[in-house]
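Chains as they are written, first to last, in this note's numbering: chain A, 12 to 329; chain B, 12 to 329.
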DNA sequence: CTGAAAGCGCTTACAG
DNA sequence: CTGAAAGCGCTTACAG
């Protein structure tokens, strides 16, 4: 039996007689034969692997539960299609360079770009390279060059601010996320959508990171600027946990004195006291859709940017 | 200039004249040429990739900060050597099968096995396959078949129990980890090392998982069995956070009524109230050493199991 | 349906 | 030091 016939069986069994097919399958089962993947990749010009690139200081991989959800759902969705996930950190310029060299070596069929920032050179390079790329969140400045899967940040933020007003709050402020990310920009836009001219400059403080500590600092600044605030929409649950710490230290009760709304519905939302009213972002699905979109692109299919709905989740903090 | 000369330059520049070397380097810089990795792998029989296999229900990837530290330090240590990390989940039998098929396809040069359990078929298969493997923690039942990097669980547990006794506690109990993992077994052994015959069967409850919830349940059982306990050594910080919740609900103060000691010195140790006295496990270094040991093995070098020292960290819970 | 053969893009003895 | 050539282990038109 020729090498060619075996190969045909292994690749779907088209154009093979049932007899040959059975014989090969028996032999494969008996010997535990598995095709060498480098040779296959070389012949097919497909690696069967995809890079998951974290464009972010690595601390965030530690701290932010959102990444774990995304990483897990992507790994799983890829595994179901027998594609492997290569984890790459691209926080420093050196790592950055390594990622680029890596994709140029045709080591991967595509790239999952997570948490991109405005002016991120990797996004530009990736889209220029022609390699299939899908970003999580709309990549600021490259909305049309790179496909993406995002949650409806703006709509979710609107729902939260309306909820806060519906609770009778008069002075609704916000701790915005860093404004070099689409999540940061969009959630702030949603805030303005609802409050319009009623929002004053002092009611808004943009945090200098998506971390607990950044939320803590931003909340302190906000309290100084607006001592009589009675509500705050914080652009992520993790930052909101920091905001809660600041409020507690300042002697303000939640939700008595101040109603606090978060965003994400991540694990921390229920770990803090009081549990956070927040906006649920379907990150599991974001991961799945990113994988679908990427593999479709690898297969040469068209694809539209995806925006997934968000949902208000009311708990005890508002 | 021949393909062979270019290849020699790219692979270290041995046996190449300075003139040729400079010319090639100039050309590479100008064109951005990067060798195709499949072709290189096929020729060298090295993939330049390593699998990071999580032998665990995936929830743990979400919940347990220890994994993030390990994942990050391995990714980083590998990247420094230009080796790629492939993340594989092996929680279900199907995923399991996929991992095996994958390594048989010679897709990776080695395997980092994280959080193995007693009777884990993957460990046996991996060691039998001849593929270089390094486990985190000593793989129960395969201590001599598979190289490993572990923390000194037993010594750390001893230090904690001695600390508890040093605080004047009379009834020192323990919530042990699952007894099908080396961490669970060793930390319990350390407890017995110190208490010896003073420990009674009722003083020990083994949790049915390494989670917050499992710690919560185990602590409840322990309180029923030993209502007058005044100290508990919990085998992980995450489980200890669950134990704290149970104690709070039962109206016991910490450390007033009950001293609580954890293990790991993970992020949760300082997130809970009161901050946990715990045993620091140098997970960053565990990851680094795992990578070193694995790559040495790939290069055909010998290697000994590594055990890293642990350290007592005293905070407010004892 | 099947086999023989070319080709995927490298690396590495081998001669020189 | 360098080039020509074999070989790594597959896939896939191409004839038949």
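Think of the CB as a built atom: it goes at the ideal place given N, C-alpha and C, for glycine as much as any other residue.
Note down the Cα distance separating residue 32(A) from residue 18(A), rounded to an integer number of angstroms.
Inter-residue distance for residue 32(A) and residue 18(A) is about 11 Å (C-alpha atoms, whole angstroms).
Can you tell which of 316(B), 237(B) and 177(B) has its C-alpha closest to the C-alpha of residue 272(B)?
Ranking 316(B), 237(B) and 177(B) by Cα distance to residue 272(B) puts 177(B) first.
Can you confirm whether residue 90(B), when its beta carbon is compared against all beta carbons of chain A, has any partner nearer than 8 Å?
Against chain A, the CB of residue 90(B) has a partner CB under 8 Å away; the residue lies at that interface.
Give me the Cα-Cα distance between residue 239(B) and residue 221(B), rounded to the nearest whole angstrom.
Taking the Cα positions, residue 239(B) is about 25 Å away from residue 221(B).
Would you mind telling me which residues of chain A sit closer than 7 Å to residue 72(B), beta carbon to beta carbon, in chain order?
For residue 72(B), the C-beta contacts it makes with chain A under 7 Å involve 79 and 83, in order along the chain.
Short CB-CB distance (under 8 Å) between residue 350(A) and chain B:
Only positions 12 to 329 of chain A appear in the structure, and residue 350(A) is not among them; the question remains open.
Could you list which residues in chain B have their beta carbon closer than 9 Å to that of residue 53(A), in chain order?
Correct list: 47, 49, 50, 52 and 53.
Cβ of residue 226(B) within 8 Å of Cβ of residue 183(B)?
Not in contact: residue 226(B) and residue 183(B) (Cβ atoms no closer than 8 Å).
Please check if any C-beta of chain B sits within less than 8 Å of the C-beta of residue 97(A).
At least one chain B Cβ lies under 8 Å of residue 97(A).
Please report the residue range of the alpha helix (DSSP H) in which residue 288(A) lies.
Element bounds for residue 288(A): n/a, residue is neither H nor E.
When DSSP labels each residue in this structure, what does residue 127(B) get in the three-state scheme?
Three-state result, residue 127(B): coil.
What residues are listed by DSSP as bridge partners for residue 121(B)?
Paired residue(s): 61(B).
Pairwise C-alpha distance: residue 291(B) and residue 214(A):
Looking at the two C-alpha atoms, the distance is approximately 42 Å.
What is the DSSP secondary structure of residue 43(B), reduced to helix, strand or coil?
Coil, per DSSP.
Chain-order list of residues whose beta-carbon lies under 6 Å from that of residue 300(A) (same chain, five-residue window excluded)
So the qualifying residues of the chain are 160 and 317.
Which runs of the alpha helix (DSSP H) at least 4 residues long sit entirely within the region 77-120 of chain A? Give them in chain order.
Correct list: 104-115.
Go to residue 233(B), then tell me how far its alpha helix (DSSP H) extends in each direction, as first and last residue.
Run containing residue 233(B): 223-236, per the alpha helix (DSSP H) assignment.
Could you confirm whether any beta carbon from chain A is found closer than 8 Å to the beta carbon of residue 100(B)?
Output row for residue 100(B): interface = yes.
Indicate the three-state DSSP secondary structure (helix, strand or coil) for residue 196(A) in the structure shown.
Residue state, collapsed to three classes: helix.
Beta carbon proximity, residue 86(B) to chain A, threshold 8 Å
Yes - at least one Cβ of chain A is within 8 Å of the one on residue 86(B).
Just verifying my parser: in three-state terms, what is the DSSP assignment at residue 75(B)?
If DSSP states are grouped into helix, strand and coil, residue 75(B) belongs with coil.
Would you say residue 327(A) faces chain B, with C-beta separation under 8 Å as the test?
Residue-level contact by beta carbon fails for residue 327(A) and chain B, as no gap is shorter than 8 Å.
Which of the three DSSP states is assigned to residue 323(A) in this structure?
In the structure shown, residue 323(A) sits in a strand (DSSP, three-state: E or B).
Pick from 283(B), 319(B), 139(B) and 237(B): whose alpha carbon is nearest that of residue 164(B)?
When each option's Cα is compared against that of residue 164(B), the closest is 319(B).
Along chain A, which residues have their Cβ under 8 Å away from the Cβ of residue 106(B)?
By Cβ distance, chain A contributes 90.
Per the DSSP calculation, residue 159(A) is bridged to which residue(s)?
Beta bridge pairing from DSSP links residue 159(A) with 146(A).
Output yes or no for whether 8 Å exceeds the beta carbon distance between residue 143(B) and residue 305(B).
With a cutoff of 8 Å on beta-carbon distance, residue 143(B) and residue 305(B) are scored as near each other.
Smallest Cα separation from residue 117(A): which of 93(A), 130(A), 56(A) and 81(A)?
Relative to residue 117(A), the option among 93(A), 130(A), 56(A) and 81(A) whose CA is nearest is 56(A).
Any C-beta of chain B sitting closer than 8 Å to the C-beta of residue 308(A)?
Under the 8 Å criterion on CB atoms, residue 308(A) is classed as non-interfacial with respect to chain B.
Based on Cα-Cα distance, which residue from 46(B), 41(B), 174(B) and 248(B) lies nearest to residue 22(B)?
Per the C-alpha coordinates, the member of 46(B), 41(B), 174(B) and 248(B) positioned closest to residue 22(B) is 46(B).
Whole angstroms is fine: what's the gap from residue 196(A)'s alpha carbon to residue 65(A)'s?
CA-CA distance, residue 196(A) to residue 65(A), rounds to 20 Å.
How far does the beta strand (DSSP E) with residue 245(A) in it reach, from first residue to last?
Boundaries of the beta strand (DSSP E) around residue 245(A): 242-245.
Who are residue 257(B)'s beta bridge partners in DSSP?
According to DSSP, which records beta bridges pairwise, residue 257(B) is partnered with nothing at all.
Using three-state DSSP, classify residue 281(A) as helix, strand or coil.
DSSP places residue 281(A) in the helix class (H, G or I) of the three-state scheme.
Compute the Euclidean distance between the alpha carbons of residue 198(B) and residue 167(B), then round it to the nearest angstrom.
Approximately 8 Å, taken between the alpha carbons.
Under the rule that 16 or more other beta-carbon atoms within 10 Å means buried, what is residue 26(B), buried or exposed?
An exposed status is given to residue 26(B), since fewer than 16 other beta-carbon atoms sit within 10 Å of its beta-carbon.
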